[in-house]
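One structure is given here, and the rest of the page talks about it.
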Ligand code: MTE
Ligand code: HPA
Ligand code: MOS
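Numbering (my numbering), first residue to last: 25 to 830.
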């Protein structure tokens, strides 16, 4: 076991402690960015003027707004001292002359109250010179409207294998997007201090990048701008790149007026202005042998990037690297391109393209299993990676044996086979409701695909009384990163958890940080916190060794006691050793640094080892589908998930449960709709509130929810043997979609293949059931074709995908 992964005898990591802010969260006393504004006198509120057209040249007349009582100023492009752009790719004018989507902010009004700002914004006159707009991906493909660089992952010779494979299928699938719907909408609060320093509180996952963009817009060097991220009421990727422009508006307002400026989007503004999970359009072709082994897959993925690039290129990169999910596909080609449309700029969302990539192969297996005459669970199991195999992009699948270990353990604990038999009986007895139980695996790569991002810093102070203050580069969004970092520091210094406090994340404490994203917050910042603590501990060990009279290498730190190896020997309280060290002029603070070793990635060739390791898991989900409405209930979910040796089991269980439910929401409930007509509302987001955008709530929770973490799973080379947890379990939710598909199939004849729209809303499921019933009716009234109920003929008749079945 590496030094990074090894745990001391009595670690604080691994303890089941509550979230560090649990009491504050549940009593409503936790402070969020916009709460800070209330304490501030004289705060101005910023309000956007949003485009009412999807694509148009805009000219504004701000004069009427300045007449509105309480309006102080209207911010326009003329006010920008630096660069009028908020995009990391320099393709996002902060004050545009060309509105690129319905809802695009054109100018911002500053006023004494939110109400005055709103009225001011409503009275700004905007003139539109309409331009042609592109709303859907098929429209973009037709028009050749793309952005960024297309990429391809390739292995073997998929084209020739597809030409000769015994069973070949093809299909087209549209994958829906998803709104983050974090509880806290985007928020920034900016002020200028007495020294002219710009200070921005911001709900951001990426404070350093927010700082950079604010500095660019203001025309200042980065050392004049500080960004603080106190905590977020959820980010889910939506605050990785999208907060920058809002922070810049607040900072610009503060700079021009000398007063604090708050900007907090209301829900509809947040929904209509900010990016979402990328919808994808996928065309695929897959070849199988007679035993159901996949021989080749060819797929073209087109994502809907919206009006600017944002993170669309790396999202597509991760999608292409996850089309294989947990399966060995010897001949493979996946091409990816980003469509440019007149919509919000789609962005990071939990899984970062991984879910859309994995959707493709899970959809293939789910659709073709009946045509191959192989049960879907068997088909999936048969194609799982074996140890020694590599991914299509050339990375060895280390610990691939865990996939089968998890699969079989879960099948046992979920009583899979017996329940499937009972479900078959249930379905035989019920015409109008059907049940199904599906199992799906997850393999998810951990590390930023942009190798440079895999670094982190920390700043740890030990005060003279022995109390510890930790700063690190990661942000807290509810995922429990701060809790884990407290546990890491307490473990590394050998002090009780209560002696350690965490300070809010700030760019003047730890600079040049990466986004808290890619699930790697604990891996990266944990490595840095541990490094800082170990530097301090080594210095304290020298002091303690002299006090105790032992060699410094034999000094042990545990639970606030510092002792030699001998259990019966003398020991000193941590605080006494610290006090002694101070008097000996020993440095009691340290800056820590961590970078992930062993990564290499060629973005152009899409080959290499972009990931430090893979997170594994599997889920078995039973649903019941109503034949009259298409609505489903999730009766029972069993999950076995690999988080290495957990740093914090309560936190990790919460992450697995939350991610699963969020994934199920994406796949079964949440549907984004835009107006695609040619009318005046073209391009408008129709689902712009919680009343039209259906989120999972208590009633959609699984009735039985059994989540287990894989035991004895220490990951060598990661902090205290743990693995990242934030995103991977979201993709366990494919088991819900696949169970719904199988339940819909049960309304039809044996061997019926179900095409399921995504999301699998009641409406979509109802359509699938209707198709299944029609296939059954066709079989029943066509005795000539299906004499002797020949299963193969019935399959061919009801299977819409078969391209060639030689
Ligand atoms: N959990 C909560 N409660 N809120 C969030 O916003 N974001 C997810 C995940 N879990 C999120 C969450 C996403 S998208 C990521 S990348 C990780 O947390 C980021 O945090 P980590 O790297 O510390 O796991
Ligand atoms: N995940 C999340 N965010 C990112 C990534 C990634 O792989 N790469 C760049 N930003
Ligand atoms: Mo998460 S989508 O990497 O913020």
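We put the CB at the ideal spot given by N, CA and C, even for glycine.
Are residue 294 and residue 210 touching if we call contact CB-CB under 8 Å?
Counting from 1 along the chain shown, the entry for residue 294 is found at position 270. Counting from 1 along the chain shown, the entry for residue 210 is found at position 186. Yes; because the gap between Cβ atoms is below 8 Å, this pair is in contact.
With a 10 Å radius around its C-beta and 16 neighbouring C-beta atoms as the bar for buried, classify residue 196 as buried or exposed.
Locating residue 196 in the chain shown gives position 172, counting from the first residue. By the neighbour-count rule (16 or more Cβ atoms within 10 Å), residue 196 is not buried but exposed.
Is any heavy atom in the ligand MOS found nearer than 7 Å to the beta carbon of residue 468?
For the purposes of this step, residue 468 is taken as residue 444 along the chain shown, with counting starting at 1. For the ligand MOS, not one heavy atom lies less than 7 Å from the Cβ of residue 468.
Given 8 Å, three or more beta-carbon pairs between the region 394–408 and the region 320–328:
No, the region 394–408 is not in contact with the region 320–328.
Could you spell out where the beta strand (DSSP E) holding residue 269 opens and where it closes?
Translated into positions along the chain shown, residue 269 becomes position 245. Residue 269 -> not in any beta strand (DSSP E); alpha helix (DSSP H) instead, spanning 267–281.
Just to confirm, is the Cβ distance from residue 531 to residue 218 under 8 Å?
As a position in the chain shown, residue 531 is number 507, starting the count at 1. As a position in the chain shown, residue 218 is number 194, starting the count at 1. For residue 531 and residue 218, no; Cβs fall outside 8 Å.
How close, in whole Å, do the beta carbons of residue 594 and residue 658 come, if the pair is a contact with beta carbons under 8 Å?
On the chain shown, residue 594 is found 570 positions in, with the first residue counted as 1. On the chain shown, residue 658 is found 634 positions in, with the first residue counted as 1. Not quite, the Cβ-Cβ distance comes to about 59 Å (not below 8 Å), so this is no contact.
Tell me which residues share the same chain as residue 81 and place their Cβ nearer than 6 Å to its Cβ, disregarding the 5 neighbours each side in the sequence.
Within the chain shown, the letter at position 57 stands for residue 81. For residue 81, where only same-chain residues beyond five positions count, the Cβ hits under 6 Å are 122, 153.
Helix, strand or coil, according to DSSP, for residue 809 in the structure here?
In the chain shown, residue 809 corresponds to position 785, counting from 1. The pLDDT assigned to residue 809 is 38, lower than 50, so where the model puts this residue is not dependable; a value taken from the coordinates is nonetheless given after this. In the structure shown, residue 809 sits in coil (DSSP, three-state: anything other than H, G, I, E or B).
7 Å CB neighbourhood of residue 807 in its chain, flanking five on each side removed
Sequence index remark: in the chain shown, residue 807 carries index 783 (1-based). Residue placement at residue 807 is flagged as unreliable, the pLDDT there being 48, under the threshold of 50; the coordinate-derived value follows with that caveat. None.
Under 7 Å: does the beta carbon of residue 372 sit that close to some heavy atom of the ligand MOS?
Translated into the one-based positions of the chain shown, residue 372 becomes position 348. Yes, the ligand MOS has a heavy atom inside 7 Å of this Cβ.
For residue 772 and residue 804, which I take to be in contact (beta-carbon distance under 8 Å), what is that distance rounded to the nearest angstrom?
Here residue 772 refers to the residue found at position 748 when the chain shown is read from its first residue. Here residue 804 refers to the residue found at position 780 when the chain shown is read from its first residue. With 8 Å as the limit, residue 772 and residue 804 do not qualify as a contact, their Cβ atoms being about 11 Å apart.
For residue 545, the residue or residues it bridges with in DSSP:
Locating residue 545 in the chain shown gives position 521, where the first residue counts as 1. Note: residue 545 sits in no beta bridge, so no partner.
Does the ligand MOS have a heavy atom nearer than 7 Å to the CB of residue 687?
Here residue 687 is taken as the residue at index 663 of the chain shown, counted from 1. Checking every heavy atom of the ligand MOS against the Cβ of residue 687, none is found closer than 7 Å.
Measure the alpha-carbon distance for residue 141 versus residue 37 and round it to whole angstroms.
On the chain shown, residue 141 is found 117 positions in, with the first residue counted as 1. On the chain shown, residue 37 is found 13 positions in, with the first residue counted as 1. Spanning the two alpha carbons is a distance of roughly 48 Å.
Contacts around residue 19, its chain only, beta-carbon distance under 6 Å, and the 5 residues preceding and following it disregarded:
It is not possible to answer for residue 19, since the shown part of the chain is limited to 25 through 830.
Between residue 30 and the rest of its own chain, which residues show a CB-CB distance below 6 Å, the 5 nearest in sequence each way excluded?
Position 6 of the chain shown, counting from 1, holds the residue named residue 30. So the list is empty, once near-sequence residues are dropped.
Could you have a look at residue 597 and say whether DSSP puts it in helix, strand or coil?
Mapped onto the chain shown, residue 597 falls at position 573. DSSP places residue 597 in strand when its eight states are reduced to three.
In whole angstroms, what separates the C-alpha of residue 825 from that of residue 444?
In the chain shown, the residue the question calls residue 825 occupies position 801. In the chain shown, the residue the question calls residue 444 occupies position 420. Confidence at residue 825 is low in this model, with a pLDDT of 45, below 50, so its placement is unreliable and the value that follows should be read with caution. The straight-line gap from Cα to Cα measures roughly 26 Å.
If you scan the region 449–490 from start to end, which runs of the beta strand (DSSP E) of 3 or more residues do you find wholly inside it?
You should have 457–470, 479–486.
Can we say the region 756–765 touches the region 379–389, given the rule of at least three CB pairs closer than 8 Å?
Because the criterion of three Cβ pairs below 8 Å is met, the region 756–765 and the region 379–389 touch.
Closest Cα partner of residue 604 within the set 716, 577, 489:
Along the chain shown, read from residue 1 onward, the residue named residue 604 stands at position 580. Measuring from the Cα of residue 604, the nearest candidate turns out to be 489.
Within the continuous alpha helix (DSSP H) that includes residue 508, where are the two ends?
Taking the first residue of the chain shown as 1, we reach residue 508 at position 484. 505–517 is the extent of the alpha helix (DSSP H) around residue 508.
Please indicate yes or no: does the CB of residue 1 lie closer than 7 Å to some heavy atom of the ligand MTE?
The requested residue 1 is not part of the displayed model; the chain covers only 25 to 830.
Decide yes or no for the touch test of the region 661–671 against the region 123–135: beta carbon pairs closer than 8 Å, at least 3 of them.
no
I think residue 702 touches residue 426, with their Cβ atoms under 8 Å apart; what is that distance to the nearest whole Å?
The count along the chain shown starts at 1 and reaches residue 702 at position 678. The count along the chain shown starts at 1 and reaches residue 426 at position 402. Not quite, the Cβ-Cβ distance comes to about 53 Å (not below 8 Å), so this is no contact.
Determine the contact status of residue 276 and residue 103, defining contact as a CB-CB distance below 8 Å.
Against the chain shown, residue 276 aligns to sequence position 252. Against the chain shown, residue 103 aligns to sequence position 79. Cβ distance < 8 Å, so residue 276 and residue 103 count as in contact.
Straight-line Cα distance separating residue 355 from residue 185:
Counting from 1 along the chain shown, the entry for residue 185 is found at position 161. Counting from 1 along the chain shown, the entry for residue 355 is found at position 331. Going from the Cα of residue 185 to the Cα of residue 355 covers about 7 Å.
Could you give the DSSP three-state label for residue 212: helix, strand or coil?
Residue 212 sits at position 188 when you count from the first residue of the chain shown. Three-state DSSP puts residue 212 in a strand.
Three-state class that DSSP yields for residue 838 in the structure shown:
Here the chain covers residues 25 to 830 and nothing more, so residue 838 does not appear.
Keeping to the same chain, check which residues put their C-beta closer than 8 Å to that of residue 88; ignore five residues upstream and five downstream.
As a first step, residue 88 must be located in the chain shown, where it is residue number 64. Closer than 8 Å at the Cβ level, and outside the excluded window around residue 88, lie 147, 148, 149.
Tell whether a beta-carbon distance below 8 Å holds between residue 274 and residue 286.
Here residue 274 is taken as the residue at index 250 of the chain shown, counted from 1. Here residue 286 is taken as the residue at index 262 of the chain shown, counted from 1. Going by C-beta atoms, residue 274 is nearer than 8 Å to residue 286.
Would the beta-carbon of residue 501 be found less than 7 Å away from any heavy atom of the ligand MTE?
Within the chain shown, the letter at position 477 stands for residue 501. Taken from the Cβ of residue 501, at least one heavy atom of the ligand MTE lies inside 7 Å.
How would you call residue 769, buried or exposed, if buried means at least 16 neighbouring beta carbons within 10 angstroms?
Residue numbering aside, residue 769 sits at position 745 when the chain shown is read from its first letter. Buried, because 16 or more other Cβ atoms sit within 10 Å of the Cβ of residue 769.
CB-CB length for residue 268 against residue 237, believed under 8 Å
The count along the chain shown starts at 1 and reaches residue 268 at position 244. The count along the chain shown starts at 1 and reaches residue 237 at position 213. Residue 268 to residue 237, Cβ: 4 Å. Contact.
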